[in-house]
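Heads up: take any position in the sequence shown, counting from 1, add 578, and you land on our numbering. C-beta atoms are modelled at their ideal positions from N, C-alpha and C, and glycine is treated no differently.
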Amino acid sequence: MNRGNVLVIGNKGAGKSTLINAVLGEERAKTGWGAWGGTDRLEIYESDELPFRLIDTIGFEPSTRRGRQAISAVRKWSRERAKANTEDSDINVIWFCVDGTSKKHVRRSIDTLIRATSIWKSVPIIVVITKSYSVPERLDNAGMVFEAFEKRKRGRNLKKVIPVVAKTYALNETAFAAPEGITELIDATNQVMPDGIKAGREDVAKFNLNRKRALAHSIVGTATTAAVVVGAIPIPLADAAILTPVEIAEVNAIARLYGIGKDDKSKTFINTIVEVGTISTVARAAISAIKSIPGINIAASVLNAVIAGSIAAALGEGSVYAFEQIYQGKKSLEDIDWVKKIMEDSFSSDFLKRVNIALQGISASSSKKEITQTILKLIVK
Ligand SMILES: Nc1nc2c(ncn2[C@@H]2O[C@H](COP(=O)(O)OP(=O)(O)OP(=O)(O)O)[C@@H](O)[C@H]2O)c(=O)[nH]1
Ligand SMILES: [Mg+2]
């Protein structure tokens, strides 16, 4: 099968390799800072399901030397492929990766990237604003990108600006910026591919559904970790209320991943889910049931950590299922009774059975990490 080629370029440490891993769904590209990581040569990535090839490059440094090195390596690769009579040797789309946390440099980065890629003068460009952890800054950053392209000849090649979080970013022990924008980037890229190598809509949809599910599970993992931390704080866990912020963040992050918006219908749907995990009698009953499982002799703080983590995990699992049904059009945001039932079922006797098993594997000396892993293994399918 012929594949399109996506050239990924940007400053050193902008997050190109991290982005590539998120798109592939595998940790294949080496990431990191300076001498401890980073990409030191051209690397090509393919995956069976992904309809295009990803070309990871050496990051540009403040000086342009490395930039030239990066570009000449790409040209060499392209020439060699063409010589070997491979048809798909052209660069079809360029991702300009611009670090969303260093606002000051957005304009200069774009200028450098435009100059460096002048030989691909009519290739479509998608600007990826990496590390877009801050939602309020996204608009500003995108504005600066559009400004930088304005009045430039290659401005018309700019097809889209997409803010991305490629990997969960912890803001503190219980707050996080979840992965975002990955499947939107895949969609946008496929859309601007030349017709001959564009993948079928259905193939991309299938790939994206799998990617969304994997990313959603990573959100559940992060939230469960945070909940275990919250739960282990030695205050009496009278009800699930102290967990609420983590649960709200979790459900909202998963909702965003599945493109569930901020309109009233979406809000009602999301609130229904959060309610089941926080103030509902179902959640409270589950907590008392766990607390009264006979024969547990671990410290209250460990037990509370298990409870909090299990609830976050089960709530996340239920949410992933529910949002996926919406995303696929199998259910609608108006099916409130349905979603309520789905979520309540997440805390059924099967849930209690799993928590019980988890507790067998946890002791007073278990670390938070061990507790989290035990829970995830049993609750996340
Ligand atoms: N949490 C989080 N960390 C990120 C994200 N993107 C990049 N990073 C971090 O930023 C650092 C640099 O990321 P890389 O992906 O190696 O950057 P690069 O652009 O490939 O760097 P070079 O190969 O040196 O040009 C790594 O420590 C990453 O973990 C993200 O979306 N979330
Ligand atoms: Mg890299």
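Per-residue burial, residue i [other beta carbons within 10 Å of its own, 16 or more giving buried]
| i | result |
| --- | --- |
| residue 624 | exposed |
| residue 942 | exposed |
| residue 875 | exposed |
| residue 749 | exposed |
| residue 673 | buried |
| residue 841 | exposed |
| residue 925 | buried |
| residue 821 | buried |
| residue 604 | exposed |
| residue 677 | buried |
| residue 591 | buried |
| residue 719 | buried |
| residue 713 | exposed |
| residue 780 | exposed |
| residue 951 | buried |
Contact belief for residue i with residue j at Cβ below 8 Å, rounded distance in angstroms
| i | j | result |
| --- | --- | --- |
| residue 893 | residue 855 | 4 Å |
| residue 741 | residue 716 | 5 Å |
| residue 563 | residue 743 | For residue 563 there is no data in the structure shown, the boundaries of the chain being 579 and 959. |
Secondary structure of residue i, DSSP reduced to three states
| i | result |
| --- | --- |
| residue 582 | strand |
| residue 588 | strand |
| residue 823 | helix |
| residue 742 | coil |
| residue 869 | helix |
| residue 828 | helix |
| residue 957 | helix |
| residue 911 | coil |
| residue 673 | strand |
| residue 634 | strand |
| residue 749 | coil |
| residue 762 | helix |
| residue 662 | coil |
| residue 942 | coil |
| residue 920 | helix |
| residue 707 | strand |
| residue 905 | helix |
| residue 549 | Outside the shown range of the chain, which is 579 to 959, sits residue 549, and nothing can be said about it. |
| residue 931 | helix |
| residue 847 | helix |
Spatial neighbours of residue i in its chain, beta-carbon cut-off 6 Å, leaving aside the 5 residues before and after
| i | result |
| --- | --- |
| residue 921 | 851, 854 and 896 |
| residue 905 | 836 |
| residue 669 | 583, 585, 698 and 701 |
| residue 581 | 630, 631 and 666 |
| residue 726 | 685 and 688 |
| residue 934 | 871 |
| residue 707 | 676, 678, 719 and 741 |
Cutoff 7 Å; reference residue i; Cβ partners in own chain excluding five residues on either side
| i | result |
| --- | --- |
| residue 722 | 684 and 685 |
| residue 873 | none |
| residue 799 | 954 |
| residue 946 | 806, 807, 810 and 883 |
| residue 752 | 804, 807, 808, 823 and 824 |
| residue 639 | 590 |
| residue 735 | 700, 701, 702 and 703 |
Interface flag, residue i vs chain C, CB-CB below 8 Å
| i | result |
| --- | --- |
| residue 826 | In the displayed structure, chain C is absent; only one protein chain is listed. |
Chain-order list of residues whose beta-carbon lies under 8 Å from that of residue i (same chain, five-residue window excluded)
| i | result |
| --- | --- |
| residue 786 | 761, 764 and 765 |
Around ligand 2, what residues have a beta-carbon under 7 Å from a heavy atom of it, in chain order? Cβ-based neighbours of ligand 2 within the cut-off: 594, 595, 607, 608, 609, 616, 617, 634 and 637.
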